[in-house]
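Everything below concerns the one structure shown next.
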Amino acid sequence: MKNKYVKRLLSVMAATAMVVSMLSGCGSSGESGDKGESKKEASASDEDIEIWGTNTGYLPVEAGSELYNFYKEKIGVGIVQPYVEWNGGETYLEQLNLRIAAGDMPDIFAPYNGNEAELIESGALLDLTDLLPEKAPHLWESIPEEVWDAVKANDPTGENRIYVIPQVLEYGRNGAMIRQDWLDNLGLEMPTTQEEFVEVLRAFKNDDPNGNGVADEIPTGGREEARWMGQLFGQYGIAMWEGYPQWDIYDGELTYSAVTENMKECLEWMSELYAEGLIDPETLLNDKSAWDGKINSGVVGVWEHLPQECYNYAENIYNGTGEKPEIAVLPAISAPGYEGFYTARQMNGGAFVVTKTDDEEKIDKIMKVLDAYGNKDLWMDFYNGVEGMHHEVVNGEPVRLPDDPSSQQNLVLAPYNSTATLDFQVDLLSIQLTEDREWSVSQAINNVQENQEYVRTFAGDGMPESIYSDYPDIGNRTLYVEYATKIITGEYSIDKFDEFVEKWYASGGEEVTKLAREWYANKTK
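Just add 669 to wherever you are in the sequence shown, counting from 1, and you've got the working numbering.
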């Protein structure tokens, strides 16, 4: 069914579609063809709702299939999803652009890389402002009012309307972890001040806390581009999300955390730790695989990640070393003169948008799907999926089967990931409390709950990436990464930080700051 509203986009999308078509013809992998073509006529009828989202190799959901029937039974609406290779979002966006250019968008789809802004301005997306409270009350009420306010502030038309269903984390997911068993082995107390923290790092480096007689311990560290080091940045009250500086209130104004005095003092301190060997010397070279490998091999004392997933680290360490580690949450430590915290991000981009249509029957079906998406009574059913495919029944209870993309259809609706709550996360962990895993999973349950004591949101939560549209280097934090890396490693003295700040403001920082503060004023008015 052609969507008349999308025709306004054709002049904009034509060049993109031509390039994508050539790329698709020259570089498509056989995988996409094996899973099923991403054509609506091959997979859906006007009676069904077609939804596009992340698929990392799982089978498509076709009309009449097991998962299709499961959704129809639970919701009363048939849901289909053709296979569209994700490929880090690149192939997904190429295929989505083809559908946009053809004037035949999926009914519901995950926006990517900010493309929703252009679609909203072109009138291609459905205005959900009045529809959600009336026809999808479960979803409307499951998302905090302040998040909806941020969504409205992100409306590129300036009308403060809702076009995007946000991804929401209702609890603090990220935090720092420490090897409690190492503290116990050395007779140390949990550090609560920065001075005590540094002494613990020194002991981890010098006193053989893992007891293997080898000086192989890494006190702390992180990844390349100064990422995943909230255990250090957080001590200086820096709003930082997985290595990306955020916007927060500093000296009474919304300011990019990378250019604050907080950051200057933190980088100076980190350079001292690095020079003393208390930070992994390969920190700024580690990719995810390398850093996870070090943690899993049982040689890292303190790291930042997701406390709810610490059972994975614990089990990997046990499998590799034969020792069962005890992993605890490191309390948020405050550097002298600062208030430390771990950054909690409520808004994590857009989960879904809806293609504009005048078909009232279609709108009613779409809203029925969205209402079910927000109905927490259905979340466990959506998580468990189809019996025999996604889960099996053990002692009368559903138990998820191991992930197997070759035999499992893609779970289209996963609200427990996009509208995540602490209670549901604890429920998911509790299901895994089998006799042989109780020791590891119980740590995750305790840690994710304790972590909430130390997290704080930041003022710029929900700010759209569009503020960086004309300044991609700032959005990519190119200048920040260069200076932070060189200051930490000692190649630059801390005096260079002032040069960085001057360059940042001169290269677009002033304009971006103006846009950010205008957005914040609109959000909070």
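For each residue, glycine too, the CB sits at the ideal point set by N, CA and C.
Just so you know, these numbers come straight off a predicted model, no measurement behind them.
Annotation: alanine 1175 is outside any alpha helix (DSSP H) and is labelled neither H nor E by DSSP. DSSP, read as helix, strand or coil, puts leucine 1098 in helix. Residue range 1048 to 1053 is occupied by the alpha helix (DSSP H) that includes methionine 1049. Around the CB of isoleucine 769, 16 or more other CB atoms lie within 10 Å, so the residue is classed as buried. Judged by DSSP secondary structure, phenylalanine 1010 falls outside any beta strand (DSSP E); it is assigned neither H nor E. Within the segment 1102 to 1170, not a single complete beta strand (DSSP E) segment reaches 3 residues in length. The Cβ atoms of alanine 1020 and proline 775 lie no closer than 9 Å to each other. Comparing C-alpha distances from glycine 1144 to each of Tyr1152, Glu1134, Glu1151 shows the shortest one belongs to Glu1134. For tyrosine 752, the secondary structure class from DSSP, reduced to helix, strand or coil, is coil. Rounded to the nearest angstrom, the gap between the Cα atoms of isoleucine 1136 and glycine 921 is 21 Å. For glutamine 900, the enclosing alpha helix (DSSP H) starts and ends at 899 to 902.
Boundaries of the beta strand (DSSP E) harbouring valine 837: 833 to 838, taken from the DSSP string.
Distances from the CA of leucine 936 to each of Tyr1189, Gly1178, Glu1179, Phe1166 were compared; the closest alpha carbon is that of Phe1166.
Here aspartate 949 really is in contact with isoleucine 887; their C-beta atoms are around 5 Å apart, less than 8 Å.
Shown here, glutamine 1077 sits in coil according to DSSP, grouped into three states, outside any helix or strand. With respect to the 9 Å criterion, tyrosine 905 and glutamine 915 are not classified as neighbours on the basis of their beta carbons. When secondary structure is reduced to three states using DSSP, glycine 1018 falls in the strand class. Excluding residues up to 5 positions away in sequence, Ala895, Leu953 lie with their Cβ nearer than 7 Å to the Cβ of threonine 1154 in the same chain. Excluding residues up to 5 positions away in sequence, Glu754 lie with their Cβ nearer than 6 Å to the Cβ of threonine 760 in the same chain.
The beta carbon of tyrosine 982 is closer than 7 Å to those of Ile964, Asn965, Ile996 in its chain, skipping five residues each way along the sequence. Per the coordinates, the alpha-carbon of aspartate 956 lies some 17 Å from the alpha-carbon of valine 971.
Within 10 angstroms of the beta-carbon of serine 940 lie 16 or more other beta-carbons, which makes it buried.
Residues of the same chain with a CB within less than 8 Å of the CB of valine 1062, apart from the 5 flanking positions on each side, are Glu1056, Val1068 in chain order. For proline 1074, the number of other beta carbons within 10 angstroms of its own is below 16, and it is reported as exposed. Between valine 1110 and tyrosine 840, the CB-CB gap reaches or exceeds 9 Å.
Apart from sequence neighbours up to five positions away, the residues of its chain that approach valine 928 with a beta-carbon distance below 6 Å are Val1170, Trp1173, ordered along the chain. Pairing proline 813 with glutamine 977 gives a Cβ-Cβ distance that is not under 9 Å.
Separation of asparagine 823 and alanine 779 (C-alpha to C-alpha, rounded to the nearest whole angstrom) is 16 Å.
Remark: C-beta atoms of glutamate 719 and glutamine 764 do not approach each other more closely than 9 Å. Per DSSP, arginine 871 is one residue of the alpha helix (DSSP H) stretching across 863 to 875. When secondary structure is reduced to three states using DSSP, threonine 952 falls in the coil class, being assigned neither helix nor strand.
The beta carbon of asparagine 985 sits closer than 7 Å to those of Asn965, all from its chain and outside the five residues before and after it, given in chain order.
Under the three-pair Cβ rule at 8 Å, the segment 795 to 804 counts as touching the segment 1035 to 1051. Less than 9 Å separates the beta-carbon of glycine 1043 from that of tryptophan 809. In the structure shown, glutamate 973 adopts extended strand secondary structure according to DSSP, grouped into three states.
If you draw a straight line from the Cα of isoleucine 907 to the Cα of tyrosine 1085, it is about 28 Å long.
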